[in-house]
Amino acid sequence: MVRVLIVEHFATTAAVIRTLLADSTRVAIVGEAADASGALSLLERLRPDVVVLDGALGHRDGHSLVRQMKETQPAARLIVLSDHPEPLYREAAAASGADRLILKVDLVKELLPAIRAVAPEAGPA
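Quick note: the sequence shown uses the working numbering, first residue 14, plus one each step.
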């Protein structure tokens, strides 16, 4: 079972993520946060396998949060969600330590495969 933490400040997007993951027998949502401080607190307390996080959490730079999360829990796999298709954003996410970047427009078709890709030992999501 892959333990997933959702970090998303838009309630609608968080609901879509929950719905997508609810159908998987191999994924368990262990927590949700709407901001960086809540995300860091839950990361330390829950120790998820995968974190699905918005690359732009309100006023906080998502890339600095990714770096901080990797420092806090290096084993966690981080999937960053973005509205920006430009290669610069993908490169910045990778440089900050993200394991995968998914465009929000592709969330429905790419989220479960991305979780499978970053947590392969768990089997199909």
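All C-beta atoms, glycine included, are put in the ideal place defined by N, C-alpha and C.
None of the values given here were measured: they were computed from a predicted structure.
By the 16-neighbour rule on beta-carbons within 10 angstroms, V65 is buried.
About 19 Å separates the beta carbon of A89 from that of P126, a gap too long to meet the 8 Å contact definition. Bounds of the alpha helix (DSSP H) holding G75 are 75-85. If you draw a straight line from the Cα of E45 to the Cα of P100, it comes to about 28 Å. Assigned with DSSP and collapsed to three states, D119 falls in helix. In this structure, S95 lies near G68, with their beta-carbon atoms less than 8 Å apart.
S95 carries a strand assignment under DSSP once its states are collapsed to helix, strand and coil.
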